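**Q**
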Ligand SMILES: Cc1ncc(COP(=O)(O)O)c(C=O)c1O
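In the working numbering, the protein residues as written are 659 to 1076.
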């Protein structure tokens, strides 16, 4: 890191584990063969890729042959939606997504709409969660793909994916033109390493993961493609990755992904979540203590003191353990624009984001997630997202909470005048 600040923007990206850095360097220095070459250097590189494929597969309960390496989560999401819709286009035309999906799901869906597919966007409640029945209500015999993320990247809301997987499993034809449809795609970029991600338990046919969210390198990810599921590739060429993604494999990136994931999985999702829940509780409690007007957007975790959720006036929180992932928390300081809070925190060495870092290319636009949750404009416009990793400490969180309270107080004082 550039300085010894407090990095709390882990949903945007995570600092690489030293193991990942070492694996990338090792692959670049000594495994530089092309995995498609038939000589020893090529075989060495192919072995690195295949070992990594097994590690990624194991982390999501899949088989190696079901893992397609991609250039990141966005590409995997694009491949899932466009690839599946295109492959099954003769069996229907509907694609279902939720309103809070990442832009790398929403934009391909929009593109598919331009190509003649019918896209249905399912709304979410004020806690950021899509209702199971609301999703099922728009699944018709015309539906090809249903794409629902596991954990939302802005507010941490956990979507009812496993229940959806079970319900879709019960309505899928087992023969004929629509055999196995609709497919369930799950964007698990924010849940890998933090929650149990098991493709069979979730009932996923397609599932996206990304290396840089689990302390690996950027620009590498993977799509789980259940055996038997067809996809039209986005990248045509030499037929790499079982013909589903051509291009010489990013061997260093894949090696780094695998090394990072091994450490993350050794820590274990329940330990990672337990630590994050502790940090989240400390942060929310300390900020509330010093600035009671703070709003926590999204579902409230078990044991939180007041259940005020975004969009609601002191609404009673759902208090469901399975409703929110503790490593992401969205806080609003009404009256203090999110960017202003972010800048002031940065000046105090605390790094957070104003929402989705990946959406910040669309400057000036309110977060589509907070908007979909019905947050009033002053709540949506004053949101900052704090996200934890297993590398964060309680001291860092206390420091961040102190800085937030200090900024909120000093700006309020300035507004009130001398
Ligand atoms: C939920 C979610 N999906 C997909 C992505 C995109 O992943 P990548 O940055 O690897 O393209 C992100 C990144 O922020 C994300 O949070």
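All C-beta atoms, glycine included, are put in the ideal place defined by N, C-alpha and C.
Please read all numbers here as calculations on a predicted model, not as lab measurements.
Smallest Cα separation from residue 704: which of 910, 955, 743 and 821?
**A** Taking the chain shown and counting its residues from 1, one reaches residue 704 at position 46. When each option's Cα is compared against that of residue 704, the closest is 910.
**Q** Between residue 737 and residue 881, is the Cβ-Cβ spacing less than 8 Å?
**A** Mapped onto the chain shown, residue 737 falls at position 79. Mapped onto the chain shown, residue 881 falls at position 223. Yes, the pair counts as a contact, with Cβ atoms nearer than the cut-off.
**Q** Could you have a look at residue 956 and say whether DSSP puts it in helix, strand or coil?
**A** Taking the first residue of the chain shown as position 1, residue 956 is located at position 298. DSSP places residue 956 in coil when its eight states are reduced to three.
**Q** Report the three-state DSSP secondary structure of residue 826 (helix, strand or coil).
**A** Position 168 of the chain shown, counted from the first residue, corresponds to residue 826. In this structure, residue 826 counts as helix in the three-state DSSP scheme.
**Q** Is it a yes or a no for the segment 843-862 touching the segment 781-800, going by three-plus beta-carbon pairs under 8 Å?
**A** No: fewer than three Cβ pairs fall under 8 Å.
**Q** Name, in chain order, the residues that DSSP records as bridge partners for residue 752.
**A** For the purposes of this step, residue 752 is identified with residue 94 of the chain shown, where counting begins at 1. 776 and 801.
**Q** Verify whether the separation of the beta carbon atoms of residue 1024 and residue 1039 is less than 8 Å.
**A** Here residue 1024 is taken as the residue at index 366 of the chain shown, counted from 1. Here residue 1039 is taken as the residue at index 381 of the chain shown, counted from 1. Yes, these two residues count as a Cβ contact at 8 Å.
**Q** Span of the beta strand (DSSP E) holding residue 1043?
**A** Along the chain shown, read from residue 1 onward, the residue named residue 1043 stands at position 385. From DSSP, the beta strand (DSSP E) with residue 1043 extends over 1041-1045.
**Q** Per DSSP, residue 982 forms a beta bridge with which residues?
**A** As a first step, residue 982 is located in the chain shown; it is residue number 324 there, counting from the start. Residue 982 pairs with 815.
**Q** For residue 702, which of helix, strand or coil comes out of DSSP?
**A** Numbered from 1 along the chain shown, position 44 holds the residue referred to as residue 702. Three-state result, residue 702: helix.
**Q** Within the continuous beta strand (DSSP E) that includes residue 883, where are the two ends?
**A** Along the chain shown, read from residue 1 onward, the residue named residue 883 stands at position 225. Its beta strand (DSSP E) spans residues 879-883.
**Q** If we call anything under 8 Å between Cβ atoms a contact, is residue 922 one with residue 873?
**A** The sequence position of residue 922 within the chain shown is 264, counting from 1. The sequence position of residue 873 within the chain shown is 215, counting from 1. Their beta carbons are under 8 Å apart, which means residue 922 touches residue 873 by this criterion.
**Q** Please state whether DSSP places residue 675 in a helix, a strand or coil.
**A** To locate residue 675, count along the chain shown from 1; it is residue 17. Note: residue 675 maps to coil in three-state DSSP.
**Q** Terminal residues of the continuous alpha helix (DSSP H) containing residue 739?
**A** Along the chain shown, one-based indexing puts residue 739 at 81. Its alpha helix (DSSP H) spans residues 731-745.
**Q** Determine the direct distance from the alpha carbon of residue 1073 to that of residue 675, and round the result to whole angstroms.
**A** The residue labelled residue 675 in the question sits at position 17 within the chain shown. The residue labelled residue 1073 in the question sits at position 415 within the chain shown. If I take the Cα positions, the gap works out to 43 Å.
**Q** What residue ranges within the segment 884-913 form continuous alpha helix (DSSP H) runs of no fewer than 4 residues, ordered along the chain?
**A** DSSP runs (the alpha helix (DSSP H)) wholly in the segment 884-913: 898-901.
**Q** Looking at residue 845 and ligand 1, is the gap between the Cβ and the nearest heavy atom below 7 Å?
**A** On the chain shown, position 187 is the one that residue 845 refers to. Yes - ligand 1 has a heavy atom lying nearer than 7 Å to the Cβ of residue 845.
**Q** Using 10 angstroms around the beta-carbon of residue 891, count the other beta-carbons present and answer buried if the total reaches 16, otherwise exposed.
**A** Position 233 of the chain shown, counted from the first residue, corresponds to residue 891. Classification for residue 891: buried.
**Q** Going by DSSP, which residues form a beta bridge with residue 1009?
**A** If you number the chain shown from 1, residue 1009 lands on position 351. DSSP lists 665 as partners of residue 1009.
**Q** Closest by CA to residue 864, which one among 777, 743 and 1049?
**A** For the purposes of this step, residue 864 is taken as the residue at position 206 of the chain shown. Here the closest residue by C-alpha is 743.
**Q** Report yes if the C-beta distance between residue 717 and residue 919 is below 8 Å; otherwise report no.
**A** Here residue 717 refers to the residue found at position 59 of the chain shown. Here residue 919 refers to the residue found at position 261 of the chain shown. A contact, by the Cβ cut-off of 8 Å.
**Q** May I ask you to report which of helix, strand or coil DSSP gives residue 931?
**A** For the purposes of this step, residue 931 is identified with residue 273 of the chain shown, where counting begins at 1. Note: residue 931 maps to helix in three-state DSSP.
**Q** Helix, strand or coil for residue 850, going by three-state DSSP, please let me know.
**A** Residue mapping note: residue 850 aligns to position 192 of the chain shown, counting from 1. Strand at residue 850.
**Q** Skipping 5 residues on each side, what residues in its chain have a beta carbon closer than 7 Å to that of residue 902?
**A** One-based indexing of the chain shown puts residue 902 at position 244. Closer than 7 Å at Cβ, skipping near neighbours: 726, 883, 889 and 891.
**Q** Could you give the distance in angstroms between the alpha-carbon of residue 929 and the alpha-carbon of residue 982?
**A** The residue labelled residue 929 in the question sits at position 271 within the chain shown. The residue labelled residue 982 in the question sits at position 324 within the chain shown. Those two C-alpha atoms are separated by around 16 Å.
**Q** Going by Cα to Cα distance, which pick from 729, 953 and 826 is closest to residue 785?
**A** Sequence index remark: in the chain shown, residue 785 carries index 127 (1-based). Nearest C-alpha to residue 785: 953.
**Q** Could you please give me the residues that DSSP links to residue 989 through a beta bridge?
**A** One-based indexing of the chain shown puts residue 989 at position 331. According to DSSP, which records beta bridges pairwise, residue 989 is partnered with 954 and 1042.
**Q** Does the segment 773-781 come into contact with the segment 816-826, if we say contact requires no fewer than three beta-carbon pairs (one atom in each stretch) closer than 8 Å?
**A** Contact between the segment 773-781 and the segment 816-826 is absent, because fewer than three Cβ pairs lie under 8 Å.
**Q** Rounded to whole angstroms, what's the CA-CA distance from residue 957 to residue 847? Just pull it up for me.
**A** Within the chain shown, residue 957 is the residue found at index 299, counting from 1. Within the chain shown, residue 847 is the residue found at index 189, counting from 1. Rounded to whole angstroms, residue 957 to residue 847 spans 19 Å at the Cα level.
**Q** Under the three-state reduction of DSSP, which class applies to residue 868: helix, strand or coil?
**A** For the purposes of this step, residue 868 is taken as residue 210 along the chain shown, with counting starting at 1. Strand, per DSSP.
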